[in-house]
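Novice: Quick one: structure below, then a few questions.
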Amino acid sequence: MKIGNKFFLAFAVIAVFNHTIANETSQLDFKPSYSNTLPYGTLPLSSIMTILEQQGYTPKSVELENGHWLIKAYIVNQRNILYVLEIDPFSGTVLAEDIVRN
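Residue numbers in the sequence shown follow the numbering used here, run continuously in steps of one, and reach 888 at the last position.
Structure (structure tokens):
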């Protein structure tokens, strides 16, 4: 095999390998991260806060985790008890309620 043919063959193998790696990388780059984004069609955070306040909660902090709101809040007449509420972003309903401190 001539040197030119070997060079061409090596170049072709590298080009195919790079194309394969580039396609795999581009597929990974476009996967959405649901840990810090909300799905389409969710309620605005202001609406969620209004719903919680109507239920007697006083929100103190808000985090977004795995597509759900995690909100630390007090109940109006129980200021010494802090709750962590997991909120459905579509309906504003409380999915889970845990006491953080007494």
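We put the CB at the ideal spot given by N, CA and C, even for glycine.
In the DSSP assignment, what are the bridge partners of Thr844?
Specialist: Its beta-bridge partners are Tyr860.
Novice: What's the call for Leu838, buried or exposed, on a 16-neighbour Cβ count within 10 Å?
Specialist: So Leu838 counts as buried.
Novice: I'd like the list of long-range same chain contacts for Val862, defined as Cβ closer than 7 Å, with 5 residues on each side in sequence excluded.
Specialist: Counting only Cβ-Cβ distances below 7 Å, and skipping sequence neighbours, we find Gly842, Thr844.
Novice: What is the DSSP secondary structure of Leu831, counted as helix, strand or coil?
Specialist: Three-state result, Leu831: helix.
Novice: Distance check for Lys846 and Arg887, CA to CA, integer angstroms please.
Specialist: Cα to Cα, Arg887 sits roughly 14 Å from Lys846.
Novice: Please determine, among Gly853, Glu883, Ile857, the residue with the shortest C-alpha to C-alpha distance to Gly827.
Specialist: For Gly827, the nearest C-alpha among the options comes from Gly853.
Novice: Could you have a look at Phe816 and say whether DSSP puts it in helix, strand or coil?
Specialist: At Phe816, the pLDDT of 41 sits below 50, so the modelled position is not reliable and the matter cannot be decided from this model.
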